Amino acid sequence: MKAAVLAILTTATALIGVPPEKEHLYKPIEGTSKWRCLGDPSIEIEFSQINDDYCDCPDGSDEIGTNACAYNGQNMFYCANKGHFPDFIENFKLNDGVCDYDRCCDGSDEYQTGLCPDKCPQVHAQFLEYRKQIKEEIARAYKAKSEILKNAKASRKNIETKLDSMVMETSKLENKLARFEKQARVPVSSTTLVFEKVSLYTNRLTEAFNHLINAHHHHQTTLEKLEVILNDLTTDYNPNFNDAAVKEAVNKYRDYVANKEEYPQSEINALDDLSQLSDYSKSINLEATDFEEPTFSNMIHHYITKVFRYFDPESFEVEEPQSQDVVNLEIDVTKKALDKLKKTREVLENDLTGDYGVDEIFRGILGQWVTSKIGGYNYKVGLLTSVYQDGNLLGQFSHYKNGKLYYDKGHRCWNGPLRLTVVSFTCSDKQQILSISEPEKCEYHIQISSPVACQDISEEDIRREFRIDYSKL
Ligand code: MAN
17 MKAAVLAILT TATALIGVPP EKEHLYKPIE GTSKWRCLGD PSIEIEFSQI NDDYCDCPDG
77 SDEIGTNACA YNGQNMFYCA NKGHFPDFIE NFKLNDGVCD YDRCCDGSDE YQTGLCPDKC
137 PQVHAQFLEY RKQIKEEIAR AYKAKSEILK NAKASRKNIE TKLDSMVMET SKLENKLARF
197 EKQARVPVSS TTLVFEKVSL YTNRLTEAFN HLINAHHHHQ TTLEKLEVIL NDLTTDYNPN
257 FNDAAVKEAV NKYRDYVANK EEYPQSEINA LDDLSQLSDY SKSINLEATD FEEPTFSNMI
317 HHYITKVFRY FDPESFEVEE PQSQDVVNLE IDVTKKALDK LKKTREVLEN DLTGDYGVDE
377 IFRGILGQWV TSKIGGYNYK VGLLTSVYQD GNLLGQFSHY KNGKLYYDKG HRCWNGPLRL
437 TVVSFTCSDK QQILSISEPE KCEYHIQISS PVACQDISEE DIRREFRIDY SKL
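If you count the sequence shown from 1, you need to add 16 to reach the working numbering.
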């Protein structure tokens with residue numbers, strides 16, 4: 017009888033701190049009083065040496081219920097915590113006089129000192145209250161999150177719609193450009209052609225005539241001046257001086273005057289004629305000469321176009337014949353519009369392939385502001401736009417990565433780099449700034465609570481996050 021009681025007591029001692037799933041390992045070898053270390057079965061000890069406060073096994077498996085073996089994280093003490101959740105505690109915290117209720121609400125970690133009564137019912141009540149609050153908060157956050165997701169979808173749709181209309185606009189402009197380019201190659205009408213061709217030459221001739229007339233006037237004035245000089249010489253020279261050169265010059269001048277012929281004044285005024293030619297070319301209408309024999313296919317085209325034009329007049333806008341200057345201008349303007357459109361399309365297309373988090377949720381908060389006054393500064397965080405500290409630009413949105421928003425190219429730090437900011441998120445139904453730090457000069461880290469960061473929380477997460485309010489135990 018005595019031996020049987022001792023055996024039970026020894027078994028009870030051997031099972032201190034052992035979790036239920038390992039209990040079957042803490043039994044003597046059948047028909048003996050021996051036991052083998054779990055990590056090294058070559059080591060055999062007496063079953064009664066388990067939890068005798070002496071470390072026999074290198075892996076510590078014989079002292080799971082004491083602090084005799086060096087702690088290695090493998091043989092932690094099991095607290096049953098009836099009425100709450102079982103847990104494990106490090107062996108070095110056993111019987112140290114401290115009630116570690118966050119791990120062992122049943123106080124079993126102090127089984128020798130007996131200092132800690134079982135508080136599992138109170139702890140569990142606190143846990144249930146915490147879980148209720150968390151679940152309510154998550155439900156609220158999820159409601160807010162579903163609104164944000166709706167925004168995100170609408171924002172993407174908006175971009176897609178814009179892109180669709182831009183594609184249509186592009187093809188309209190391309191057609192317009194093609195028509196104008198054709199007009200630039202093929203003359204708009206014979207009338208314009210004659211005038212344009214003729215005026216090109218009449219303009220050049222007018223310029224040449226003007227130049228000749230001016231040159232003629234200039235030479236005539238010069239000649240008149242020279243004639244006056246030679247005339248003075250002829251009348252004023254002293255014939256008593258025997259200067260052969262002067263006498264020869266005077267004689268030749270007299271000859272020149274005697275033989276001089278007036279050039280007949282032309283009756284034709286060339287400039288007037290050119291101007292008349294130009295006007296005349298404007299009035300020439302050669303369209304009649306462009307007449308084409310109607311073919312069967314262009315007749316069909318003519319009538320079908322007429323019918324469609326009746327229903328959709330806009331798509332059949334026909335440009336009136338324009339002068340080449342206007343056509344060139346239109347080509348220029350259309351090309352510029354196409355260029356601008358292409359650039360905007362590229363920006364939007366890149367945006368659509370950008371990373372905005374799971375279900376693109378961050379699109380849903382784009383442009384929202386979260387503000388707070390902290391440490392004497394007014395902080396304004398523009399989500400996916402820009403961040404300000406009073407008038408200081410702390411960064412412009414650069415990209416999203418792994419749940420964080422990165423901003424750079426802010427105002428330059430005095431004697432330092434450009435300011436930059438990283439914004440990270442934690443889950444809450446309310447969107448607000450939780451903290452701001454400046455770990456490096458002019459590098460700001462901002463923590464924001466927002467529904468965007470909310471995930472469905474698991475039971476394990478709730479248990480891990482739960483903290484006991486010791487003041488209420
Ligand atoms: C201002 C603020 C600070 C920053 C200093 C740098 O005071 O922007 O955050 O550290 O400038 O000179």
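A virtual CB, placed ideally from N, CA and C, is assigned to each residue, including glycine.
Keep in mind it's a predicted model, so treat the numbers as computed, not measured.
*Kindly list the residues whose CB is nearer than 7 Å to the CB of Gly-33, restricted to its own chain and excluding five residues on each side of it in sequence; keep chain order.*
Its chain contains Ile-80, Gly-81, Phe-93 and Tyr-94 as the residues whose beta carbon lies nearer than 7 Å to that of Gly-33, once the 5 sequence neighbours on both sides are disregarded; these appear in chain order.
_Assuming contact is defined by CB atoms lying nearer than 8 Å, are Gln-292 and Glu-212 in contact in what I supplied?_
Not a contact, by the Cβ cut-off of 8 Å.
*Return yes when at least one heavy atom of the ligand MAN lies under 7 Å from the C-beta of Asn-394, else no.*
Residue side-chain check: Asn-394 keeps its Cβ at 7 Å or more from all non-hydrogen atoms of the ligand MAN.
*Flag Lys-457 as yes when its Cβ comes closer than 7 Å to any non-hydrogen atom of the ligand MAN, and as no otherwise.*
Within the chosen limit of 7 Å, the ligand MAN reaches the beta carbon of Lys-457 through at least one heavy atom.
*Tyr-393 to Lys-178 span [Cα, whole Å]*: Our two residues, Tyr-393 and Lys-178, have alpha carbons roughly 39 Å apart in a direct line.
*Where in the segment 431 to 481 do unbroken runs of the beta strand (DSSP E), each at least 3 residues long, occur, reported from the N-terminal end onward?*
DSSP runs (the beta strand (DSSP E)) wholly in the segment 431 to 481: 436 to 443, 448 to 456 and 459 to 466.
*For Tyr-393, does the three-state DSSP call read helix, strand or coil?*
In the structure shown, Tyr-393 adopts extended strand secondary structure according to DSSP, grouped into three states.
*At which residues does the beta strand (DSSP E) containing Leu-421 begin and terminate?*
Counting along the chain, the beta strand (DSSP E) containing Leu-421 begins and ends at 420 to 424.
*Can you tell me whether DSSP reads Ser-58 as helix, strand or coil?*
In this structure, Ser-58 counts as coil in the three-state DSSP scheme.
*Any heavy atom of the ligand MAN closer than 7 Å to the CB of Gln-405?*
Result yes, Cβ under 7 Å from the ligand MAN.
_Through-space distance from Val-343 to Ala-200, alpha-carbon basis_ = Computed Cα separation, rounded: 6 Å.
*Stretch-stretch touch, CB-based, cutoff 8 Å, three pairs: the segment 457 to 464 with the segment 434 to 443*: Touching, yes, given that three or more Cβ pairs across the two stretches are closer than 8 Å.
_Local conformation of Glu-308 per DSSP, three classes_ = For Glu-308, the predicted model reports a pLDDT of 47, less than 50, meaning its position is unreliable; a value from the coordinates is still stated below. Coil.
_Under 8 Å between C-beta atoms of Asp-485 and Gln-142_ = Yes, the pair counts as a contact, with Cβ atoms nearer than the cut-off.
*Can you find a C-beta in chain C that's less than 8 Å from the C-beta of His-234?*
Included in the structure is just one protein chain, with no chain C present.
_Once the 5 residues before and after Glu-190 are set aside, which same chain residues still bring their CB inside 8 Å of it?_
The residues are Leu-354.
*Whether Val-9 touches Ile-164 by CB criterion (8 Å)*: Lying outside 17 to 489, the shown extent of the chain, residue 9 is not represented and no answer is given.
*asked:* Check this for me: beta carbons of Gln-412 and Leu-399, under 8 Å apart or not?
replied: The answer is no: Cβ separation not under 8 Å.
*Return yes when the Cβ of Cys-136 is within less than 8 Å of the Cβ of Gly-99, no when it is not.*
Taking 8 Å as the Cβ cut-off, Gly-99 and Cys-136 qualify as a contacting pair.
*Leaving aside the five residues before and after Ala-86 along the sequence, list all residues of the same chain whose C-beta is less than 8 Å from its C-beta, in chain order.*
Short of 8 Å from the beta carbon of Ala-86, and not among the five residues preceding or following it, lie these beta carbons of its own chain, in chain order: Cys-71 and Gly-76.
_the ligand MAN and Glu-454: does any heavy atom of the ligand fall closer than 7 Å to the residue's C-beta?_
Yes.
*Which residue comes first and which comes last in the beta strand (DSSP E) that contains Cys-95?*
Element bounds for Cys-95: 93 to 95.
*Does the Cβ-Cβ distance between Ala-157 and Ser-444 come in under 8 Å?*
Yes; because the gap between Cβ atoms is below 8 Å, this pair is in contact.
*Please work out which residues of its chain come closer than 6 Å, Cβ to Cβ, to Asp-424, disregarding the five sequence neighbours upstream and downstream, and give them in chain order.*
Closer than 6 Å at Cβ, skipping near neighbours: Gly-411, Ser-414 and Leu-436.
*Is Asn-408 near the ligand MAN, in the sense that its beta carbon is under 7 Å from a heavy atom of that ligand?*
Yes, Cβ of Asn-408 sits closer than 7 Å to a heavy atom of the ligand MAN.
*Excluding the five sequence neighbours on either side, which residues of its own chain have a C-beta within less than 6 Å of the C-beta of Leu-221, listed in chain order?*
The answer, listed in chain order, is Leu-290.
*Count the C-beta pairs between the segment 168 to 186 and the segment 367 to 386 that are closer than 8 Å, then say yes if the count reaches three, no if not.*
Segments in contact, yes.
*Mind checking Thr-369: buried by the 16 CB within 10 Å criterion, or exposed?*
Label assigned to Thr-369: exposed.
_Please determine whether the Cβ atom of Leu-430 lies at a distance below 7 Å from any heavy atom of the ligand MAN._
The question names Leu, but residue 430 in the sequence shown is Trp. Yes; taking the cut-off as 7 Å, the Cβ of Trp-430 has a heavy atom of the ligand MAN nearer than that.
*asked:* Here's the rule: buried if 16 or more other CB atoms are within 10 angstroms of the residue's CB, otherwise exposed. What is Tyr-279?
replied: Per the 10 Å Cβ criterion, exposed.
*asked:* Looking at the secondary structure, which residues open and close the beta strand (DSSP E) in which Ile-175 lies?
replied: Looking at the DSSP string, Ile-175 is not in any beta strand (DSSP E); the run it does join, the alpha helix (DSSP H), is 136 to 201.
*CA-CA distance, His-147 and Asp-375?*
Note on identity: in this sequence residue 147 is Arg, with His being the wrong assignment. Cα-Cα distance, rounded: 27 Å.
*Return the residue from the list Glu-476, Pro-433, Met-182 and Leu-239 that minimises the CA-CA distance to Val-361.*
The question names Val, yet the displayed sequence has Arg at residue 361. Measuring C-alpha to C-alpha distances from Arg-361 to each of Glu-476, Pro-433, Met-182 and Leu-239 identifies Met-182 as the nearest.
*Report the option in Ser-215, Ser-187 and Ala-286 whose CA atom is closest to the CA atom of Ile-229.*
By alpha-carbon distance to Ile-229, the top candidate from Ser-215, Ser-187 and Ala-286 is Ala-286.
*asked:* Just to confirm, is the Cβ distance from Tyr-416 to Ile-449 under 8 Å?
replied: No, Cβ-Cβ distance for Tyr-416 and Ile-449 is not below 8 Å.
*Contacting residues, own chain, Cβ-Cβ under 6 Å from Leu-421 (five flanking each side not counted)*: Cβ within range, chain order: Val-439.
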